[in-house]
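First up is the structure itself, then whatever we jot down about it.
In the working numbering, the protein residues as written are 10 to 327.
Structure (structure tokens):
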């Protein structure tokens with residue numbers, strides 16, 4: 010059912026729901042913005058006269074290249090800021106944050122003590138959301154707005170229940186970090202499922218009524234981007250073959266992210282895809298009582314890890 014829905018939606022024409030009236034004078038941060046979906050999202054925000062668009066990238070060269078590409082295509086200069094300095098200190102306001110950074114790997118490697126995909130797609134992505142929530146909330150109070158925090162997920166996560174069940178035997182993150190149990194061909198989908206579970210709990214702990222911040226999840230579908238460029242040759246060839254048949258362009262995929270930024274309070278804590286709220290896509294085993302226990306378990310383990318890195322970062326959410 011998941012793959013049928015995903016395939017059918019790939020061929021639908023997507024609207025651009027953001028415009029100058031929704032973006033004029035606003036400040037946005039887009040992570041993973043040196044290429045693909047992030048770059049195209051940033052390009053649109055610049056076109057729609059956002060005051061500042063901060064490109065959060067892994068290195069300065071990537072950011073400079075993205076900056077030149079956006080300036081060349083839009084004719085506007087000076088709106089893209091370096092993310093080297095702390096956003097909460099440098100920016101007066103943040104209207105939207107897109108947590109887009111991610112990797113698709115099919116070979117085992119370690120980053121910061123965890124398998125790299127888990128570190129990038131789950132831990133660091135949620136860590137950014139946790140650390141930026143106070144600034145987003147402050148922006149809301151100070152300027153009378155409701156900032157939006159968009160996490161990029163994938164409905165492929167709904168196809169790997171068996172892999173998730175293997176990791177639930179004991180401490181979840183220990184299971185994810187067990188190379189002997191890992192199926193790297195399904196690792197990307199699994200990390201996106203774990204991310205979604207964590208984001209759902211995060212959104213529940215940070216309601217709009219208290220924080221003033223809208224948190225949602227966007228599944229952009231299959232897009233022609235650099236995702237998977239670090240995979241092995243055979244895997245890349247397989248991905249390219251599928252993309253050639255049904256992938257959206259990166260620009261088309263970015264429209265789903267723009268929708269996430271303007272979807273409003275009704276999207277809080279929900280899955281968005283195809284520029285619509287798609288909570289009915291979520292399987293029962295994710296949303297039922299057992300799924301709630303899974304979400305709670307993932308969040309508690311993740312929160313404990315983040316507290317070790319920066320004490321009281323979780324307590325500041327309450």
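Glycine is no exception: its CB is placed at the ideal position from the N, C-alpha and C atoms.
Checklist entry - How long is the line joining the alpha carbons of residue 321 and residue 314, rounded to whole angstroms? => result On the chain shown, position 312 is the one that residue 321 refers to. On the chain shown, position 305 is the one that residue 314 refers to. Computed Cα separation, rounded: 11 angstroms.
Next on the checklist: Is the beta carbon of residue 284 closer than 7 angstroms to that of residue 257?
Outcome noted: Within the chain shown, numbered from 1, the residue matching residue 257 stands at position 248. Within the chain shown, numbered from 1, the residue matching residue 284 stands at position 275. Contact flag unset, no.
Checklist entry - Hey, out of 21, 104, 108 and 254, whose CA is closest to residue 40's CA? => result Numbered from 1 along the chain shown, position 31 holds the residue referred to as residue 40. Cα-wise, what sits closest to residue 40 is 108.
Item to check | Limits of the unbroken beta strand (DSSP E) element including residue 61 | outcome: In the chain shown, counting from the first residue as 1, residue 61 sits at position 52. Taken as a continuous stretch (DSSP letters only), the beta strand (DSSP E) holding residue 61 covers 61-65.
Item to check | Cutoff 6 angstroms; reference residue 254; Cβ partners in own chain excluding five residues on either side | outcome: By 1-based counting over the chain shown, the position of residue 254 is 245. Nothing listed; no residue qualifies.
Checklist entry - How about residue 113 and residue 197: are their beta carbons less than 7 angstroms apart? => result The count along the chain shown starts at 1 and reaches residue 113 at position 104. The count along the chain shown starts at 1 and reaches residue 197 at position 188. Contact flag set, yes.
Next on the checklist: Helix, strand or coil, according to DSSP, for residue 318 in the structure here?
Outcome noted: By one-based count along the chain shown, residue 318 stands at place 309. Note: residue 318 maps to helix in three-state DSSP.
Next on the checklist: If I measure Cβ to Cβ from residue 308 and keep anything under 6 angstroms in the same chain, skipping five residues before and after, which residues do I get?
Outcome noted: As a working mapping, residue 308 is identified with position 299 in the chain shown. Correct list, in chain order: 207 and 210.
Next on the checklist: Quick check on residue 296: buried or exposed, where buried means 16 or more other Cβ atoms within 10 Å of its Cβ?
Outcome noted: Reading the chain shown from its first residue, position 287 is the one you call residue 296. So residue 296 counts as exposed.
Checklist entry - How many Å lie between residue 61 and residue 32 at the Cα? => result Locating residue 61 in the chain shown gives position 52, counting from the first residue. Locating residue 32 in the chain shown gives position 23, counting from the first residue. So the alpha carbons of these two residues sit roughly 10 angstroms apart.
Checklist entry - Between the Cα of residue 135 and the Cα atoms of 104, 110, 64 and 116, which residue gives the shortest distance? => result As a position in the chain shown, residue 135 is number 126, starting the count at 1. Looking at the Cα atoms, 110 is the closest of the given residues.
Item to check | Distance between residue 319 and residue 132 (C-alpha atoms, nearest Å) | outcome: In the chain shown, counting from the first residue as 1, residue 132 sits at position 123. In the chain shown, counting from the first residue as 1, residue 319 sits at position 310. Approximately 13 angstroms between the Cα atoms of the pair.
Checklist entry - To the nearest angstrom, how far is it from the Cα of residue 79 to the Cα of residue 299? => result Your numbering for residue 79 matches position 70 in the chain shown. Your numbering for residue 299 matches position 290 in the chain shown. The predicted position of residue 79 is uncertain, since its pLDDT is 48 and thus under 50; a value taken from the coordinates is nonetheless stated next. The alpha-carbon atoms of residue 79 and residue 299 are separated by roughly 45 angstroms.
Item to check | Exposed unless 16 or more other CB atoms sit within 10 angstroms - verdict on residue 146 | outcome: In the chain shown, residue 146 corresponds to position 137, counting from 1. Buried.
Checklist entry - Can you name, in chain order, every residue of its own chain whose Cβ lies under 6 angstroms from the Cβ of residue 102, other than the five neighbours on each side? => result Here residue 102 refers to the residue found at position 93 of the chain shown. Within the same chain, residue 102 has close Cβ partners 36, 148 and 152.
Next on the checklist: I'd like to know if the segment 221-228 and the segment 181-189 are in contact, where contact means that at least 3 CB-CB pairs between them fall below 8 angstroms.
Outcome noted: no
Checklist entry - Taking DSSP as the reference, what is the three-state secondary structure of residue 279? => result Taking the first residue of the chain shown as 1, we reach residue 279 at position 270. Reduced to three states, the DSSP call for residue 279 is coil.
Checklist entry - Taking Cβ to Cβ, would you say residue 228 is nearer than 7 angstroms to residue 46? => result On the chain shown, position 219 is the one that residue 228 refers to. On the chain shown, position 37 is the one that residue 46 refers to. Cβ distance not < 7 angstroms, so residue 228 and residue 46 don't count as in contact.
Next on the checklist: Could you give the first and the last residue of the continuous alpha helix (DSSP H) run that contains residue 266?
Outcome noted: Position 257 of the chain shown holds residue 266. From DSSP, the alpha helix (DSSP H) with residue 266 extends over 259-271.
Checklist entry - For residue 204, is the classification buried or exposed, using 16 other Cβ atoms within 10 angstroms of its Cβ as the cut-off for buried? => result Translated into positions along the chain shown, residue 204 becomes position 195. So residue 204 counts as buried.
Checklist entry - Looking at the structure shown, is residue 327 part of a helix, part of a strand, or coil, going by DSSP? => result Mapped onto the chain shown, residue 327 falls at position 318. Correct three-state label for residue 327: coil.
Checklist entry - In chain order, what residues of the same chain lie with their CB nearer than 6 angstroms to the CB of residue 118, ignoring the 5 residues before and after it? => result As a working note, residue 118 is residue 109 in the chain shown. Answer for residue 118: 125, listed in chain order.
Checklist entry - Going by beta carbon distance, what residues of the same chain come within less than 8 angstroms of residue 138, once the five residues before and after it are set aside? => result As a working note, residue 138 is residue 129 in the chain shown. The residues are 106, 108, 158, 160, 208, 211 and 224.
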